[in-house]
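Single-structure report; data block below.
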Amino acid sequence: MSLITTLARMEAAGDGHARPGATVRHRHLAERPLVLVPLTTAGEAGAPLGALVGTDREAPRLLVVAQPRDRDLRFAFLADLADAMLPYFEAYGDDVEAAERSEADPETGKKVKVEVELCADAPQLLVPSAAGVEYVRLLGRSMRFRRTAEQDPDTPYPAPPRVPLLGRWLTHIGERARVPGSSLLLAMTQVLARHWTTGQSNLEDQHLGALLAWIDPPPGTTGAEAALRAELARGADGLLTTPPAGPATDPAFDNRRLAPAIARYDAARAEVLDAARGRFEGDPGAGTVPPEASGAGSARARQHAAHEALRAAEREVRELVASQLRPTWDAVWHGVDLLRALPEGGRVADRWKRDRWSYTAHRDRVRAGEPPQPKRDDAVTAAQKLSARETAQAQLDAQEALDDPLVMAGRRLAGEAFAGEVSEVLMTYTEAKVPRPRPLLTIRTEDRPYLEEHAKVYRALADGRTQTGEFVAYEPGALVVRVTGGMGRGKTPEPGSVPDKGDRVCWTLFEHAPRGGPELPDPEHTPWTHGGPPVASGAGAGGADTGDSGPAPVRAFEPAAAAVAPVAALAADQPDPVTSEDFL
Amino acid sequence: MKADGGAELVRLLHERLGDGSPAPGPGPVAAPDLTAAGPEGRTARTELALREATAAGEWAFFDHPMLALSVAGSPAYLEPDAIVVHPDGGWTVVEIKSFPMVDGSADAAKVGAAARQAAVYVLALGELAGRHTDGEERPGGAARAAGDGLADRTAARGPEGSGGDAADRTAGGAQAPGGPLADHAAGAAERVRHRVLLVCPKDFSNTPTAELVDVRKQLATTRRQLSRLTRIEALAAALPEGTTFDLRLSEDGRTATRPVEELLAAVESVDAAYAPDCLAVCELAFHCRERTRAAGAVESLGRGVRGELGDLTTVEAVLAAARGEAGDAGDPAVEALRRAAALRSEALAAASYGGRPVDGGAAGCG
Ligand code: SF4
């Protein structure tokens, strides 16, 4: 945490009101995001209990597993979930624009430009918290290996094809979410905490209710008071008035309300079965019981009543689960409203474009009939992902600073940038045959960057290009920079490319578009010690689903993927065996 | 999980080790009876059974053994999920957890917590192994030790032992607990394996899977922490006379009869070093947080914040220093705070007045 943020936390703690943590929005926010609020069952890590899902804040779809231990009900839940979510993910696949990407030519190995499709927009999934993101990954992992009846007629619990497909999408966005600055899958707590600074710790900021209370308390209270209430207040029934944002539930709710309701549901189900059996045994045709007309009638009545009771019991569980989900659902949309009120950062669209590349790449893999992502990344893919994420982090750090004076203030405090007024411009030229302009700027500033002589510095120009310069000397209360680029090709600098006396300028010591480290070798040139050929290349092709953005990582893998697709299909991971005690 | 007397777990361990040790036979493995009265009795029983099983040179499975570790001068009794004795006389701690291991990896935080927990067992086993190495030379000592309580035992063995250092080691808990292991580095350290077997549900099922987790780092940390712990008598001496945290439970053993104010006063008499991490692990956390917040201590905002703030320990002091109302301008912490405050308000002002400042593309330049 930078000292600037620490100070903001102190101020917030001092008077109970949150402070801005950013002056612009640093994450893409879709016009029509898909919100998912999942809940799991206590004790069975991961067994789904229910979810609210949808794009319409007024009309979420409620999915509930009335008895989480029942495999059929859980599978029905996943099928319904796929029903609710898959069309959203697929909807962005057909609206495309033309784009270019460099690929290795399969014959010469040279990089050539290829015309490809880029989806014009991409889906965005919002979940309440970081734990929700983890749960999306877990769902993806469990669903993507489910077998369909078509794949395997003997599979004991065939899934409809949309279930493994959704599993692959969830896996993809779950992986993509590990890329700094990406926005296909966002946790509301993390995005809010990025943009507002509360008077509590990072840990406490993970409570969505408390975080929102700090940022936007009800009228007449401070954020601090409201947050405390959101964390701790319990109603007369002993339940938290702001239920946890999940996926774990409030234990008091589990014990006092949910467990008894599920027990009633179980009993009602047993009674339905029993009544059916009773009726069967009481069937005059069976001949075991004397054919009494009244007996058959009462059996029918009993059966009818049992069904009624079952429906009522199920409704009760559904209403209970909904009561825990709805406040979180509303909270996520409340967060959406708050975020929308912030102007979008200038370079957010650039990062979103990478998300669109990522979405398009996965769309292509699905359409090409590739197998689901492997259970574990092979070493090449893992290294690729890691290096892509490091680059993304460096880019995000630079872009956020350039988009947001508050972030830049942190970099200035850290000595990684400086800003001030130009007090003097001295034109000088190189001594080459065709002299080039090298204006010397004296910049008055109190910033104290850590500069060595000839250190490179960078400045963003109005048109988005980056101007380079080099540090010349410190002067009392000022420093001198020689402008070395971004002035056009002529002897005189292009108009507007050199600041005038009195202008405010800001130079950074960090690059504005940092590139990744040295490119990694192609899979076939990777030594076996690092998961290279021959075996891993099949898995590597499937693993090309790096979840990472843009044309860059794709280019090394795409041709290989096409070439070895049949092998990959064979080498693909086996589905999970069905056991009697599965929970997801 | 352990329904088959641990045979399945031993097989899992053998498979994970892949160290060429003989495979356990198809049937049940030796699983000594560890029942005894009271923690001391169970500890002694475990110790004796461990000696016997080690001497037998076969796989053996210990279900819920009991170990003793001296913490701040008093014995603490620990109950690992299981211990497996290898045919070569090695001991492996087994930790069974309910969080799933999906495709061979599990939640890092949970694995870390399990490793820290298991490290304490390994440490306790190490102490025991230290005594055991002595005991091997004198089988008589083992038989005697079995019946006695922990304190009695060490006292009883002291005179017989080689130079009485066994007694010092165990009774003198304030001494670095690293001692025993170091003393017997050759025998004891080899005996207790530093990789523990973590057993979890596999993927989305309840079938077990296991991974060996190296706990050497956690061992070192635990040892260091234990060696720094003040002895319990010293802690107690620092409390006001008569302080007690007794709840005065009523006969049903569940209802506390002690008045809440009295209890609060007792808790309040103790200094708390609250940090937000407490929220996840301690039941007193909301209480300590309230006190820490009320005192305006900066730690309530996170352990990390102290680092940059020098001598400033309260929120008020920090804010006053930042505003220039207090604090020594020559103090680097105060100076940094003032610069941070100035840069922050400059940036916020730039953002609310027009947003796009002079430097066209770089909105970031205040
Ligand atoms: S919350 Fe618990 S661990 Fe933390 S300071 Fe208070 S008593 Fe100690």
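If you read the protein sequences in the order shown, they are chains A and B. Letter 198 of the first sequence, counting from 1, is numbered 198 in my numbering, and no numbers are missing. Letter 247 of the second sequence, counting from 1, is numbered 247 in my numbering, and no numbers are missing. Don't be surprised by glycine CBs; every beta carbon is placed ideally from N, CA and C.
1) Just checking, does the region 219-229 of chain A make contact with the region 29-48 of chain A on the three C-beta pairs under 8 Å criterion?
2) Based on DSSP bridge pairs, tell me the residues matched to A51 of chain A.
3) Answer yes or no: does any C-beta atom of chain B fall closer than 8 Å to that of G501 of chain A?
4) Just the Cα atoms here: how many angstroms apart are L70 of chain B and A76 of chain B?
5) State buried or exposed for R356 of chain A, treating a residue as buried only when at least 16 other CB atoms are found within 10 Å of its CB.
6) With 16 as the cutoff for other CB atoms within 10 Å, does C282 of chain B come out buried or exposed?
7) Looking at the secondary structure, which residues open and close the beta strand (DSSP E) in which W91 of chain B lies?
8) Does chain B have any CB closer than 8 Å to the CB of D576 of chain A?
9) Taking Cβ-Cβ distances shorter than 8 Å, what residues in chain B pair up with E11 of chain A?
10) Along the chain, where does the alpha helix (DSSP H) containing Q225 of chain B start, and where does it finish?
11) Against chain A, which members of the region 98-112 of chain B pass a CB distance test of less than 9 Å?
12) Could one say the Cβ of A586 of chain A lies closer than 8 Å to chain B's Cβ atoms, at least one of them?
13) How about M408 of chain A: is its C-beta nearer than 8 Å to some C-beta of chain D?
14) Taking 7 Å as the cut-off, is the beta-carbon of Y382 of chain B closer than that to any non-hydrogen atom of the ligand SF4?
15) Buried or exposed, going by whether 16 or more other CB atoms sit within 10 Å of the CB of R277 of chain A?
16) With DSSP collapsed to three states, give me the class of K375 of chain A.
17) Do V64 of chain A and R74 of chain A have their CB atoms nearer than 8 Å?
18) Closer than 8 Å is the cut-off here; do at least three beta carbon pairs connect the region 157-174 of chain A with the region 106-118 of chain A?
19) For the 8 Å Cβ check, are there 3 or more pairs between the region 19-39 of chain A and the region 189-199 of chain A?
20) Thinking C-alpha only, which one of A:H172, A:A99, A:P476 is nearest E134 of chain A?
21) A72 of chain B and L198 of chain B: beta carbons closer than 8 Å?
22) Please report whether the beta-carbon of D4 of chain B lies at a distance below 8 Å from any beta-carbon of chain A.
23) Can you name, in chain order, every residue of its own chain whose Cβ lies under 8 Å from the Cβ of A36 of chain B, other than the five neighbours on each side?
24) Quick check: what's the CA-CA separation for H207 of chain A versus V136 of chain A?
25) Alpha helix (DSSP H) containing K433 of chain A: first to last residue?
26) Between L203 of chain A and chain B, is the shortest Cβ-Cβ distance under 8 Å, so that the two count as touching?
27) Check D63 of chain B in the structure and name its three-state DSSP category.
28) Is the shortest distance between the beta-carbon of A312 of chain A and the beta-carbons of chain B less than 8 Å?
29) Look at the alpha carbon of T222 of chain B and the alpha carbon of A18 of chain A, and state the distance between them as a whole number of angstroms.
30) Please list the partners that D311 of chain B has in chain A, where partner means a Cβ-to-Cβ separation under 7 Å.
31) May I have the straight-line CA-CA distance separating K108 of chain B from E261 of chain B, to the nearest angstrom?
32) Report back the beta-carbon spacing between M427 of chain A and C506 of chain A to the nearest angstrom; my notes put them in contact at under 8 Å.
33) So, helix, strand or coil for M487 of chain A, using DSSP?
34) Could you spell out the range, first to last residue, of the beta strand (DSSP E) harbouring E103 of chain A?
35) Output the boundary residues of the beta strand (DSSP E) element that contains P201 of chain B.
36) Less than 7 Å between the CB of L348 of chain B and some heavy atom of the ligand SF4, yes or no?
In short, the structure shows the following:
1) no
2) Translated into the one-based positions of the first sequence, residue 51 of chain A becomes position 51. Paired residues: A:P38, A:L63.
3) The residue you call residue 501 of chain A lines up with position 501 of the first sequence. Just to set this straight, residue 501 of chain A is Lys in the shown sequence, not Gly. Not closer than 8 Å to any Cβ of chain B, the Cβ of K501 of chain A fails to qualify, so no.
4) Residue 70 of chain B sits at position 70 when you count from the first residue of the second sequence. Residue 76 of chain B sits at position 76 when you count from the first residue of the second sequence. Rather than Leu, the amino acid found at residue 70 of chain B in this sequence is Ser. Computed Cα separation, rounded: 6 Å.
5) For this step, residue 356 of chain A is matched to residue 356 along the first sequence. Buried, because 16 or more other Cβ atoms sit within 10 Å of the Cβ of R356 of chain A.
6) By 1-based counting over the second sequence, the position of residue 282 of chain B is 282. By the neighbour-count rule (16 or more Cβ atoms within 10 Å), C282 of chain B is not buried but exposed.
7) The residue labelled residue 91 of chain B in the question sits at position 91 within the second sequence. From DSSP, the beta strand (DSSP E) with W91 of chain B extends over 91-96.
8) Mapped onto the first sequence, residue 576 of chain A falls at position 576. Taking Cβ atoms only, chain B reaches closer than 8 Å to D576 of chain A, which makes this a yes.
9) Counting from one through the first sequence, the residue named residue 11 of chain A turns up at place 11. Within chain B, the residues near E11 of chain A are L319.
10) One-based indexing of the second sequence puts residue 225 of chain B at position 225. Unbroken alpha helix (DSSP H) run through Q225 of chain B: 216-228.
11) S98, F99, P100, V102, D103, G104, S105, D107
12) No answer is possible for residue 586 of chain A: it lies beyond the span of chain A, which begins at 1 and ends at 584.
13) The displayed structure is made up of protein chains A and B, and chain D is not among them.
14) Residue coverage of chain B in this structure runs from 1 to 366, which leaves residue 382 of chain B outside it and unanswerable.
15) On the first sequence, position 277 is the one that residue 277 of chain A refers to. R277 of chain A should be labelled exposed.
16) Stepping through the first sequence from its first residue, residue 375 of chain A is reached at position 375. Coil at K375 of chain A, not helix or strand.
17) Here residue 64 of chain A refers to the residue found at position 64 of the first sequence. Here residue 74 of chain A refers to the residue found at position 74 of the first sequence. No, the pair does not count as a contact, with Cβ atoms beyond the cut-off.
18) no
19) yes
20) In the first sequence, the residue the question calls residue 134 of chain A occupies position 134. Looking at the Cα atoms, A:H172 is the closest of the given residues.
21) Within the second sequence, the letter at position 72 stands for residue 72 of chain B. Within the second sequence, the letter at position 198 stands for residue 198 of chain B. No. Outside cutoff.
22) Position 4 of the second sequence, counting from 1, holds the residue named residue 4 of chain B. Not closer than 8 Å to any Cβ of chain A, the Cβ of D4 of chain B fails to qualify, so no.
23) The residue you call residue 36 of chain B lines up with position 36 of the second sequence. Same-chain partners within the cutoff: R42, A44, R45.
24) As a working mapping, residue 207 of chain A is identified with position 207 in the first sequence. As a working mapping, residue 136 of chain A is identified with position 136 in the first sequence. Rounded to whole angstroms, H207 of chain A to V136 of chain A spans 18 Å at the Cα level.
25) For the purposes of this step, residue 433 of chain A is identified with residue 433 of the first sequence, where counting begins at 1. Taken as a continuous stretch (DSSP letters only), K433 of chain A belongs to no alpha helix (DSSP H), as it is neither H nor E.
26) As a working note, residue 203 of chain A is residue 203 in the first sequence. With 8 Å as the cut-off, L203 of chain A counts as an interface residue toward chain B.
27) As a first step, residue 63 of chain B is located in the second sequence; it is residue number 63 there, counting from the start. D63 of chain B: strand per DSSP, three-state reduction.
28) The sequence position of residue 312 of chain A within the first sequence is 312, counting from 1. A312 of chain A does not count as touching chain B.
29) Here residue 222 of chain B is taken as the residue at index 222 of the second sequence, counted from 1. Here residue 18 of chain A is taken as the residue at index 18 of the first sequence, counted from 1. Each residue's Cα considered, the two are about 39 Å apart.
30) As a working note, residue 311 of chain B is residue 311 in the second sequence. Residues of chain A passing the Cβ test: none, with the nearest at roughly 15 Å.
31) The residue you call residue 108 of chain B lines up with position 108 of the second sequence. The residue you call residue 261 of chain B lines up with position 261 of the second sequence. It should be pointed out that residue 108 of chain B corresponds to Ala in this sequence rather than to Lys. If I take the Cα positions, the gap works out to 40 Å.
32) Taking the first residue of the first sequence as 1, we reach residue 427 of chain A at position 427. Taking the first residue of the first sequence as 1, we reach residue 506 of chain A at position 506. The Cβ separation is near 22 Å, so there is no contact.
33) Taking the first residue of the first sequence as 1, we reach residue 487 of chain A at position 487. In this structure, M487 of chain A counts as coil in the three-state DSSP scheme.
34) Sequence index remark: in the first sequence, residue 103 of chain A carries index 103 (1-based). Start and end: 96-104.
35) Taking the second sequence and counting its residues from 1, one reaches residue 201 of chain B at position 201. First-last of the beta strand (DSSP E) with P201 of chain B: 195-201.
36) As a first step, residue 348 of chain B is located in the second sequence; it is residue number 348 there, counting from the start. No, Cβ of L348 of chain B sits at least 7 Å from all heavy atoms of the ligand SF4.
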